[in-house]
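Residue numbers (the numbering used here): 844 to 1162.
Following: one structure in structure tokens, then a few remarks.
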Ligand SMILES: Cc1cc2nc3c(=O)[nH]c(=O)nc-3n(C[C@H](O)[C@H](O)[C@H](O)COP(=O)(O)O)c2cc1C
């Protein structure tokens, strides 16, 4: 790391550049086939961190364009984050790193693999790296690699999920890490955000609550499914992508997935050809799905969350 990009050593120091323009302690989580530039820009302008998965941009040129537009349109807004798959089977990694080095997202969130491969490049330009982890042992590994923060994937999260209770997971991680923690898993309303803070997390990672937002790239049928569904419609299985995920029962049925498929063990391949990607028409969502009762804009969702959060005594950037 060059001298001028030396990173702050305290938690407050790490958080200061991130929270500067935030109005609520929320990261609108990256969601494949859902998050695009409109969603990210709307999130940042409303005062939450907006994010998207690099893999969601079909071509590397699209990724370049998306990053360029987001950087330009979020100048005085909350920061944005790019989500990178760091699984060894993901083949676009080097090209994505090159785009990142040019567009310098303030925050990079790694998923499904070791964060080690991105840390130097992101720290080089002064960005921060958070790693999503589903177990304390993965948290320790990510910290040993040099990440600046952790996203704890807990039970009930949409898409690839954890299985641990947030109560125990945050406590166990807080035994060895006093830096930034982002909590995920069915966080759906202001009460849940306050609960995440009470547990010891710094930010709530919210995906499902934004699945049916106006700016979501989801097809209309998918948004309707979100509005109509309840938690019993969500099925956990590692048989779809090779990693445990929460999926809509209705989309599993429509795709003809059998009980045997759900129980199958499958090797994760993040670079499988488009038409054979099992998750293409099988839609992820978390246990908090019934919190979505209408299709609203991202700004409306965040404004409502902030209104309730402050009324309930939330203190984040209150003035
Ligand atoms: C449809 C969908 C797609 C997702 N895609 C990604 C992804 O591409 N990368 C990633 O790191 N997480 C992905 N996630 C997980 C979210 O980033 C986040 O961890 C999760 O939504 C939080 O739980 P919640 O949905 O209960 O709020 C996805 C989640 C959903 C619902």
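Built from N, CA and C at the ideal position, the CB exists for glycine as well.
Source: prediction; values computed, not measured.
Are there any heavy atoms of ligand 1 lying less than 8 Å away from the beta-carbon of residue i, as far as the coordinates show?
| i | result |
| --- | --- |
| residue 875 | yes |
| residue 891 | no |
| residue 1167 | Shown here, the chain extends from 844 to 1162; a query on residue 1167 therefore has no answer. |
| residue 1136 | no |
| residue 1004 | yes |
| residue 1030 | yes |
| residue 896 | yes |
Do you know how far the Cα of residue j is from the Cα of residue i?
| i | j | result |
| --- | --- | --- |
| residue 1022 | residue 1008 | 20 Å |
| residue 978 | residue 1020 | 14 Å |
| residue 1126 | residue 1079 | 12 Å |
| residue 1017 | residue 975 | 15 Å |
| residue 956 | residue 1098 | 28 Å |
| residue 915 | residue 880 | 11 Å |
| residue 1036 | residue 1046 | 8 Å |
| residue 967 | residue 982 | 22 Å |
| residue 876 | residue 1106 | 25 Å |
| residue 951 | residue 922 | 11 Å |
| residue 853 | residue 1034 | 28 Å |
| residue 1104 | residue 1084 | 11 Å |
| residue 859 | residue 868 | 13 Å |
Is the beta carbon of residue i sitting closer than 9 Å to the one on residue j?
| i | j | result |
| --- | --- | --- |
| residue 857 | residue 991 | yes |
| residue 1001 | residue 1054 | yes |
| residue 1029 | residue 882 | no |
| residue 989 | residue 962 | yes |
| residue 1052 | residue 1082 | no |
| residue 938 | residue 927 | no |
| residue 892 | residue 865 | yes |
| residue 861 | residue 971 | yes |
| residue 878 | residue 1134 | no |
| residue 1025 | residue 1077 | no |
On the CB-based measure, 16 or more other CB atoms within 10 Å of its CB, does residue i come out buried or exposed?
| i | result |
| --- | --- |
| residue 1041 | exposed |
| residue 902 | exposed |
| residue 1130 | buried |
| residue 1063 | exposed |
| residue 934 | exposed |
| residue 1066 | buried |
| residue 1136 | exposed |
| residue 1150 | exposed |
| residue 1094 | buried |
| residue 929 | buried |
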